[in-house]
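In my numbering, the protein residues as written are 88 to 531.
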């Protein structure tokens, strides 16, 4: 055999020896594992966690947290990140992300990452993952402090990724596309997620999702203080398409225009099913107990069904359920909200308050079936404050707590609704109303 041949075989032998001894694992500094589905890389330290983003070849691998991790900037070696620790955004622009996404799996196994602090520049995704297209499950983020635009605690951009059984507590602030968990949602899914957060931004601001083309939220719960300018929602700031299912929001939501307890602006083809908002909603202009604006110019079954709003709604155009409604189907919903008029910007335009809608579009009116509002609590005797049409039925508080009235309107008390004694109807998936939406902060 030639010298070159022997040299080649020696190099191959060295590589094989390194791999057999775990050299691949040591290369990245993980605590163990090979990154395969049945043997994920083990994340035991902050250095292990940050190593995920050190090589693009790792971004489709499997990882598992072995214990809690504290990223407190005051700890030795700690710092405030100036961008996403994993999958940094490499090109300025709020509407896009340049760089590779995380396409792998991160299994938190119920462990907590504490004190993630990010102060990012405008136009770059700020979150634990700048761009997520994989799966993150069973992970808790506690006491985050994140500033950026777009920004969220877990993903700046969730592009077809799945976030499953994750929770967040802390403060998130920015400008456009600011959310408690996700900044921009692009066909992404959030399922069984919880957030107890303070979120502040300007446009498209939400307790869980800021905005984006849209996606799906299933069994998600928010408790928080959400504030912005336009398209501000307790759960989602802007929802262009997709669905919110079996979800709820509680807390305070405030802004200038298109402010809603659950969604700020339903701009195109979105639906809300079996979901609730119990919020104090305040806007200088348009506000709704459930949604600020629902202008669903789409032909295929977009609707709001089996939902309710409670709390209070204040605005110059304010609806117990929706602030401004156009071309949307509303089925078996109710509002039990204190309605508070706000002075309009122009003195010659009176405030428009409605039990269901602040304003209904006269060209493309909403289609309403089996809907009600509490006349006594709201002190509002019309279904819509502005626009033609007779929408829904106003009831006394006592009538709102009588199941037979809703049954006569074909509400489903077999599998969807229940009515506790001396209370308004509730959804069967809800725990007792005495319980607020719980987050991991309650058990810390």
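No residue lacks a Cβ here, since even glycine has one placed at the ideal position from N, Cα and C.
Just so it is clear, the structure is predicted and the values come from calculations on it, not from any experiment.
- When 193, 220 and 170 are compared, the shortest CA-CA separation from residue 207 is found for 170.
- A Cβ-Cβ contact shorter than 8 Å links residue 424 with residue 398.
- Cβ contact annotation for residue 148 (same chain, cutoff 7 Å, sequence separation greater than five): 122, 128 and 191, in chain order.
- Taking a C-beta distance under 8 Å as the contact criterion, residue 324 and residue 272 do not qualify as a contact pair.
- Measuring C-alpha to C-alpha distances from residue 515 to each of 333, 141 and 345 identifies 333 as the nearest.
- In the DSSP secondary-structure assignment, residue 177 is not bridged to any residue.
- Cβ atoms of residue 377 and residue 402 stay farther apart than 8 Å, at about 13 Å.
- Residue 121 is not bridged by DSSP to any residue.
- Cα atoms of residue 177 and residue 210: separation of roughly 10 Å, rounded to the nearest angstrom.
- Sequence-distant partners of residue 339 (beyond 5 residues in either direction) whose C-beta falls short of 6 Å from its own C-beta, in its chain, are 312 and 367.
- Taken through DSSP and simplified to helix, strand or coil, residue 493 comes out as helix.
- For residue 463, the uninterrupted alpha helix (DSSP H) run begins and ends at 462-465, by DSSP.
- Around the beta carbon of residue 166, a 10 Å sphere encloses fewer than 16 other beta carbons of the protein chains shown; the residue is thus reported as exposed.
- When the Cα atoms are used, residue 431 and residue 453 turn out to be separated by approximately 24 Å.
- Distance check between residue 157 and each of 200, 134 and 139 places 200 closest, using alpha-carbon atoms only.
- When 445, 416 and 269 are compared, the shortest CA-CA separation from residue 429 is found for 445.
- For the segment 199-244, the full-length beta strand (DSSP E) segments reaching 3 residues or more read 199-201, 204-213, 216-219, 222-224 and 227-238 along the chain.
- The DSSP assignment places 290-293, 296-305, 308-314 and 317-320 as complete runs of the beta strand (DSSP E) inside the segment 282-322, in order along the chain (cut-off: 3 residues).
- Sequence-distant Cβ neighbours of residue 222 in its own chain, meaning closer than 6 Å and more than five residues away, are 192 and 249.
- With a cutoff of 8 Å on beta-carbon distance, residue 288 and residue 267 are scored as not near each other.
- About 19 Å separates the Cβ atoms of residue 413 and residue 438, ruling out a contact at the 8 Å cut-off.
- DSSP, read as helix, strand or coil, puts residue 248 in coil.
- Minimum Cα-Cα distance from residue 255 among the listed residues 265, 241 and 195 corresponds to 241.
- Looking at the DSSP output, residue 150 shares a beta bridge with 128 and 193.
- According to the DSSP assignment, residue 477 belongs to no beta strand (DSSP E), since it is labelled neither H nor E.
- Residue 365: member of the beta strand (DSSP E) spanning 363-370, first to last residue.
- The three-state reading of DSSP puts residue 408 in coil, since its state is none of H, G, I, E or B.
- The shortest CA-to-CA distance from residue 298 to any of 279, 314, 318 and 281 is the one to 318.
- When beta bridges are read from the DSSP output, residue 328 appears opposite 301 and 356.
- Around the CB of residue 477, fewer than 16 other CB atoms lie within 10 Å, so the residue is classed as exposed.
- Out of 305, 467 and 355, the CA that lies nearest to the CA of residue 327 is found in 355.
- Just measuring C-alpha positions, the residue of 301, 331, 300 and 302 sitting nearest residue 309 is 331.
- Comparing alpha carbon positions, the residue from 140, 151 and 497 closest to residue 125 is 151.
- Straight-line spacing of the CA atoms in residue 270 and residue 491 works out to 43 Å.
- Taking all protein chains shown into account, residue 502 has fewer than 16 neighbouring C-beta atoms within 10 Å of its C-beta and is therefore exposed.
- The alpha-carbon of residue 336 is positioned some 10 Å away from that of residue 350.
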